[in-house]
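**Q** Reading the sequence shown from the start, the letters are residues 6 to 309 in my numbering. Could you have a look at this structure, given as structure tokens, before my questions?
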Amino acid sequence: MIVFRYLSRQLLQAMAAVTLVLLVVALTGRFIQYLGQAVAGELATDALFLLIIFRLPDFLLVIVPLAFFLSILLVYGRMYAENEMVVLIASGFSERKLVRMSLGFAALVMLLVGSLSLVLAPWGVRKTEELLQAQKNLTEVDLIVAGQFQSFGGGARVTHAERVSTSDAGERQLQGVFVATGADAAPRILIAERARPVVEPDGSRFMQLSNVAQYDGIPGAADYTVSRSQTQSIRLPDARERELILEEETLSTLALVGSADLARIAELQWRIATLLLVPILTLIAVPLSRVGPRQGRYSRLVPA
Numbered sequence: 006m007i008v009f010r011y012l013s014r015q016l017l018q019a020m021a022a023v024t025l026v027l028l029v030v031a032l033t034g035r036f037i038q039y040l041g042q043a044v045a046g047e048l049a050t051d052a053l054f055l056l057i058i059f060r061l062p063d064f065l066l067v068i069v070p071l072a073f074f075l076s077i078l079l080v081y082g083r084m085y086a087e088n089e090m091v092v093l094i095a096s097g098f099s100e101r102k103l104v105r106m107s108l109g110f111a112a113l114v115m116l117l118v119g120s121l122s123l124v125l126a127p128w129g130v131r132k133t134e135e136l137l138q139a140q141k142n143l144t145e146v147d148l149i150v151a152g153q154f155q156s157f158g159g160g161a162r163v164t165h166a167e168r169v170s171t172s173d174a175g176e177r178q179l180q181g182v183f184v185a186t187g188a189d190a191a192p193r194i195l196i197a198e199r200a201r202p203v204v205e206p207d208g209s210r211f212m213q214l215s216n217v218a219q220y221d222g223i224p225g226a227a228d229y230t231v232s233r234s235q236t237q238s239i240r241l242p243d244a245r246e247r248e249l250i251l252e253e254e255t256l257s258t259l260a261l262v263g264s265a266d267l268a269r270i271a272e273l274q275w276r277i278a279t280l281l282l283v284p285i286l287t288l289i290a291v292p293l294s295r296v297g298p299r300q301g302r303y304s305r306l307v308p309a
């Protein structure tokens, strides 16, 4: 029992360190991707943190088995390199017993991987898809980042706001607004003191500008005009009906059990396979971790 606690503690520490490093690398890459979408006006900035949280179980599902495999190589490799394992074997601790103890710790890892594979990862993928669909129905006012020129309407309109605030009623408002249109028509520039979203009873959506200065045409041309108005509205795309998400990756495990659909059967088998991957990796890693005293603890990482 003392040896098992010692091995478990060493494996847990190494596994936590490897998981943390791999998770930071994976999340950093995904965060940069989402941040680029937010700057481009495709995502609201307040959705970035939620997207990362929802994707976390899916990342851990891949990282945890890999981290466990590497932790066995690192810990047992160190013990072989520093002759700790030689002392244990000389004291009657067989390699078969080492495998059994490793499988005992692997059973705990299987519980974690099982909760990720069967419950948390499908939930996270579904929440991610729902959030991304909801982002598609946000207006320019919701997506604007202060100080950034952002393109909307397939490049037909460029909008900029000096400041972004929230009213007491929770409504997002823009100050110091610049709007440029004219990709397929005469150039038009609108400069407004404020802007806010407006939704009509029929569902039509507008961005209402206040204290507007409007510039039409090209400066210096004969048809160039300047006008002012108290309010002006810009029509925004109508909200689309939210699609029902039925991808196999988003369905709960209970919804997959008993299904005759081949895609759902394959998804269920994949979730079970990730669970069984842990003991298989254990049986591979234990003999692979055996190194000579002069080889070093990291000598098995490359062939692994």
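All residues carry an ideal CB built from backbone N, CA and C; glycine is no exception.
Go ahead and pull the three-state DSSP assignment for R10.
**A** In the sequence shown, counting from the first residue as 1, residue 10 sits at position 5. DSSP places R10 in helix when its eight states are reduced to three.
**Q** Measure how close the beta-carbons of S238 and Q219 come, nearest whole angstrom, since I'm counting them as under 8 angstroms.
**A** Position 233 of the sequence shown, counting from 1, holds the residue named residue 238. Position 214 of the sequence shown, counting from 1, holds the residue named residue 219. Going by Cβ atoms, the distance from S238 to Q219 rounds to 13 angstroms, so no, they are not a contact pair.
**Q** Ignore the nearest five residues each way along the sequence and tell me which others in R240's own chain have a CB closer than 8 angstroms to its CB.
**A** As a first step, residue 240 must be located in the sequence shown, where it is residue number 235. The residues are S209, R210 and F211.
**Q** Are V283 and M115 closer than 7 angstroms when you measure CB to CB?
**A** What you label residue 283 is simply residue 278 of the sequence shown in a count that begins at 1. What you label residue 115 is simply residue 110 of the sequence shown in a count that begins at 1. In this structure, M115 lies closer than 7 angstroms to V283 by Cβ.
**Q** Just how far apart, CA to CA, sit V184 and I196?
**A** The residue labelled residue 184 in the question sits at position 179 within the sequence shown. The residue labelled residue 196 in the question sits at position 191 within the sequence shown. Going by the C-alpha atoms only, they are around 6 angstroms apart.
**Q** Could you check which residue in L66, I94, S122 and V23 has the C-alpha nearest to that of R276?
**A** As a first step, residue 276 is located in the sequence shown; it is residue number 271 there, counting from the start. The shortest C-alpha separation from R276 is found at S122.
**Q** Between Y265 and E253, which are expected to be in contact by the criterion C-beta below 8 angstroms, what is the C-beta distance as a whole number of angstroms?
**A** Stepping through the sequence shown from its first residue, residue 265 is reached at position 260. Stepping through the sequence shown from its first residue, residue 253 is reached at position 248. It should be noted that the sequence gives Ala, not Tyr, for residue 265. Actually they do not touch by this definition, with Cβ atoms about 13 angstroms apart.
**Q** Classify V14 as buried or exposed, calling it buried when 16 or more other Cβ atoms lie within 10 Å of its own Cβ.
**A** The residue given as residue 14 occupies position 9 in the sequence shown. A small correction: the amino acid at residue 14 is Arg; Val does not occupy that position in the sequence shown. Label assigned to R14: exposed.
**Q** Under a three-way DSSP split, which group does V150 fall into?
**A** Position 145 of the sequence shown, counting from 1, holds the residue named residue 150. Here V150 sits in coil by DSSP.
**Q** DSSP three-state label for R295, please.
**A** In the sequence shown, the residue the question calls residue 295 occupies position 290. Residue state, collapsed to three classes: coil.
**Q** Between V80 and V118, is the Cβ-Cβ spacing less than 7 angstroms?
**A** Walking along the sequence shown from the start, residue 80 turns up at place 75. Walking along the sequence shown from the start, residue 118 turns up at place 113. No.
**Q** Check each candidate in T144, A191 and V67 and name the one with the smallest Cα separation from A278.
**A** In the sequence shown, the residue the question calls residue 278 occupies position 273. It is V67 whose Cα lies nearest to the Cα of A278.
**Q** Beta strand (DSSP E) containing F183: first to last residue?
**A** For this step, residue 183 is matched to residue 178 along the sequence shown. That run of the beta strand (DSSP E) goes R177 to T186.
**Q** Can you give the beta carbon distance from L16 to F110, rounded, assuming they're within the 8 angstroms contact cut?
**A** For the purposes of this step, residue 16 is taken as residue 11 along the sequence shown, with counting starting at 1. For the purposes of this step, residue 110 is taken as residue 105 along the sequence shown, with counting starting at 1. Right, the Cβ-Cβ distance comes to about 6 angstroms (below 8 angstroms), so this counts as a contact.
**Q** Would Q178 and R162 qualify as a contact pair, given that the criterion is a beta-carbon distance under 7 angstroms?
**A** The residue given as residue 178 occupies position 173 in the sequence shown. The residue given as residue 162 occupies position 157 in the sequence shown. No, Cβ-Cβ distance for Q178 and R162 is not below 7 angstroms.
**Q** So Q153 and L48 are in contact, right, with Cβ under 8 angstroms, and what is the actual spacing, rounded?
**A** Within the sequence shown, the letter at position 148 stands for residue 153. Within the sequence shown, the letter at position 43 stands for residue 48. Not really, about 13 angstroms apart at Cβ, beyond 8 angstroms.
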